[in-house]
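Single-structure report; data block below.
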Amino acid sequence: MTMVPGRRSSTFTRLLRHGFTDPSAAERLLDLPDFSSVRTDSVLLDALGATADPDLALRGLVRLVEAEEAGERQILLDTLVTAKPLRDRLLGVLGASEALGDHLARHPRDWQALVTYEAADLHPGIAEFEQELAGADGPDALRVGYRRSLLSIAARDVCGTTDVAETAAELADLATATLRAALRIASAAAPDDAAQCRLAVIAMGKCGGHELNYVSDVDVIFVAEPADGAEESKAMQAATRLASHLMRICSDTTVEGTIWPVDANLRPEGRNGPLVRTLSSHLAYYQRWAKTWEFQALLKARPVAGDRALGEEYVEAVSPLVWQAADRENFVPDVQKMRRRVVDTIPADRVDRELKLGPGGLRDVEFAVQLLQLVHGRSDPSLRSGSTLEALGALAEGGYVGRVDAVQLDDAYRFLRAMEHRIQLYRLRRTHLVPDEEPDLRRLGRSLGLRTDPIAELNQAWRRHASVVRRLHEKLFYRPLLDAVAQLAPGESRLSTKAATARLVALGYEDPAAALRHLEALSSGVSRKAAIQRTLLPVLLGWFADSADPDAGLLGFRKVSDALGKTPWYLRLLRDEGAAAENLARVLSAGRLAPDLLLRAPEAVSILGDPHGLAPRSREHLEQEVLAAVGRADDAETAVAVVRGVRRRELFRTTAADLIGSYGTEDSPAEPDPGALVDRVGSAVTDLNAVTIAGALRAAVRAEWGDTLPTRFAVIGMGRFGGHELGYGSDADVLFVHEPRAGVDEQEAGRAANRVVAEMRRLLQLPTADPPLLIDPDLRPEGKNGPLVRTLKSYDAYYRRWSLGWESQALLRAEPMAGDLDLGAEFVALIDPLRYPADGLGEDAVREIRRLKARMESERLPRGADPTLHTKLGRGGLSDVEWTVQLMQMRHGHEVPALRTTRTRAALAAARAADLISEEDAQTLDEAWVLATRVRNAVMLVRGRPGDTFPSVPRELTAVGRYLGYEEGHVGDMLDDYRRVTRRARGVVEERFYGG
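Here it is in structure tokens:
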């Protein structure tokens, strides 16, 4: 029909002003004949404009009117215009839920369920919902009745008649009534089965907790007993058939859609266990086999359908087991495992939109509350609620969480649940993802009352509440621990010492009394320092609890704080530099070595707050610093004390970077390539020791001879030192070579060289607070019986006449490290023909190397050591891999220049590139070598002293596992994986080295 331009423009503008995003389409719908009496009604337009999505609401209304019989359409529209309660409810639902609009289009008479406005209608319970579903005599009728009841719940929700907690409770009550109706239908279909058993349905999860979503699996457990006179096995079969039919009634999809899936996987043994058990069978399982998460799930158990007495008997029987869970032997590792977020399992492109499982999501709140219930609910029955919000309120009332924290968390949880409800209500689909399309975000924001700029306001509010949850998630556990040792205002609740002790034990602290003393010492008083500590500690305690040794972490933090507490920058660094506090917590609780290094000079903590502080310093940079310090010192001992201080600082930097790279932080994931970690440590420690030796050499020379020694002098690195593969506990294997300067007597030059060596070794081992550097010259010609220092001519004479095969092999790792660089290069030129013989190795030489290796395996492995777990001499360990690689170097190094390297991994890669070994075999050897090296590094980090085998102390073994990437409770997997990797490597060694 022809429209007057002015009229169209006026209507268009009016619709736009009322929030329609497609005014043209809305105008066409209002021009339909059925709407002639209301198309310009301001009451209707205002009501449409007040909905979450006016366009959706109008489309839904048009479909509903068209679905009505012709004589009923005007009645609906007249009632809509004159009855505000109906208008707000019906249009509110149509503007928020496309799925309920579809339902009304299929069942147009159901709009009348929204007309009544009695007191009982405002807050119906299970009885009212049962009455509404009483007429349902089959699955489809039950679906229609369920949607009709859901329609009334959604109407009260979107109109604000009920809050989010009341809506969740109504949804749970409707689910209860639906389960009862489904069981009634299933029993009517199989009366003989119903007569043989007493079947009870126990609601779990959100249904059991009276906090259900619009669309969610309804978690249940089935328990049954034989009816009087029935045989147990037949009764269980009958109960299983009834339970299975109940699940199908609710879960199957028909022309009327589906209700929701009924999920029975929380039952004992999960999907692998029987669907229905007797009460005694349930109890036997829980008493013997259940894991901590299963008791956590039972927090919300509630009988909802079937035999009421049996259901209550079940809950009464399992309840004591729930509240004893905190005393179970494996509770602490289970809790630590459960506390770790499941963010890693969420696809990267969805993690920022995940409302339930993402950081600061609903799961964080629910888990925190449930964990505190498990810890404290045994002694305080007031905490035993299945509802998250009720339990949070009880925790605050009892002083188990701070009141302000509880209020903020309550607000955040309600907002996030409201978002979840509105997202699911739109299409009645089970989802926890925040939409990313603008129309969906606009509708979601408007449904929550955000009307000025719905999308921006929604994102801002969501991020703010998620941030609150992230911030309070850890504080919830730890803030009351500080209150327990603080002076509170009169009338304030606080955690008792007993409750604080219980919580610390549950979080992995072995000495809770000492932990409370540390907390009191750190946070007591009214000083600014104490106030900052009270802010930091709740978060730090959470990071400590994530480690293998929380007690050590807290003790170390107290020691560092005692040492630096009066330093103005220390607490400011931890408070203001985001990464510093977490880095410090990881370092202090991961073992003994790094804290020992830090506590010898606590000011090194500043490294942890510098964005580039963990990057290793170059050798050139360190050598410049060290030699400048030596030049300023008054004597050799003072000079080397400074040099060793630099070494200690840089060792701390290296250990901290290694630990943080291995563990990862909240903002930075763990280094995925263990080989890169090994290479970084090896290179950093090697450079550091080379610079330390260079500093000691300069100090020794300067003290007696000034700037110039009577002989040219070089230090040659051997073994792991020469290979740039030093670990934290490695000695520095070296050779010393000198060459008299022109005009200097050879004996005088020799005496000077020996005095320098003796002085260097003395200076580097003086008792100080800094770790010593042990120089080991035992790989020299003639070993311990030979002279410490030789000239080039002496080395040449010895190697040409007397050297053995193993000595040529040892020279594969020789590389100049300090002193006269030209002399070092001359030494390398001298030994190259020995380590890379022009004709390769003869068969006799190969046999000798193999014989020596076999002898070493049988004689040098310590008595009682497990050969499958010894990292150096064990099966497939470092020695196996290195000797295999070195044999290829000696055989082919003359022909393949890339093999002429002192580094094991580089030589192995060169051998692979030259087709001397298959890619698979090379990868197998590399994996074993890297793993064995990391284990040795881990042992030193954890125990503070070197070792070639896994620790026997459980906590130390767990710490090694955490460093290697194994979660709490997976030590057995770590040992199995080590044995598997090294067993495969040994197979390659047998073939490639022994020719087998």
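In terms of numbering that gives the first Met the number 0, the sequence shown is residues 0 to 995. All C-beta atoms in this analysis are idealised placements derived from N, C-alpha and C, irrespective of residue type, glycine included.
Where residue i falls: helix, strand or coil (DSSP)
i     : result
D249  : The sequence shown places Cys at residue 249, rather than the Asp named in the question. In this structure, C249 counts as helix in the three-state DSSP scheme.
P1054 : Residue 1054 is absent from the model: the chain starts at 0 and stops at 995.
G839  : coil
G272  : coil
R899  : coil
V999  : Because the chain here runs from 0 to 995, residue 999 falls outside it and cannot be looked at.
L810  : helix
F992  : coil
V639  : helix
P130  : With the sequence shown as reference, residue 130 is identified as Gln, and Pro is not the correct amino acid for it. Q130 falls in the helix class under three-state DSSP.
Q236  : helix
D865  : coil
F826  : helix
Residue i burial status per 10 Å Cβ neighbour count (16 or more: buried)
i    : result
H737 : buried
A126 : exposed
D843 : exposed
A757 : exposed
D404 : buried
R647 : buried
E747 : exposed
D657 : buried
W288 : exposed
V163 : buried
P4   : Model confidence at P4 stands at a pLDDT of 47, short of 50, so the residue's coordinates are unreliable and nothing is read from them.
L31  : exposed
S148 : buried
D333 : buried
W568 : exposed
S643 : Per the sequence shown, the amino acid found at residue 643 is Arg instead of Ser. Counting Cβ neighbours within 10 Å, R643 comes out buried, since at least 16 surround it.
L14  : buried
G360 : buried
Q532 : buried
N784 : exposed
L773 : exposed
G630 : exposed
Residues bridged to residue i [DSSP beta-bridge criterion]
i    : result
V714 : F735, A817
I220 : I201
V261 : V217
C196 : P225
D775 : D732
T790 : H737
G256 : T253
L432 : E353
Span of the alpha helix (DSSP H), counted from its first residue to its last, around residue i
i    : result
F414 : 402-426
C206 : 204-207
P594 : 592-599
R349 : Careful: R349 lies outside any alpha helix (DSSP H) and carries neither H nor E.
T691 : 673-704
E745 : 745-764
Y508 : Careful: Y508 lies outside any alpha helix (DSSP H) and carries neither H nor E.
V64  : 53-66
Q286 : 278-287
G266 : The displayed chain sequence assigns Arg, not Gly, to residue 266. First-last for R266: undefined, no H or E at that position.
D101 : 97-105
8 angstroms contact criterion, which residue i and residue j should meet: CB distance rounded
i    : j    : result
M235 : K299 : Between K299 and M235 the Cβ distance is about 25 angstroms, and since that is not below 8 angstroms, they are no contact.
G144 : A135 : 5 angstroms
G876 : H869 : 6 angstroms
D819 : R711 : 4 angstroms
R86  : A133 : With a Cβ gap of about 29 angstroms, R86 and A133 do not count as contacting.
G444 : R301 : 35 angstroms between Cβ atoms; not a contact.
L613 : R652 : 7 angstroms
Element boundaries [beta strand (DSSP E), containing residue i]
i    : result
R301 : 301-305
T20  : Unbroken run through T20: none, as it is neither H nor E.
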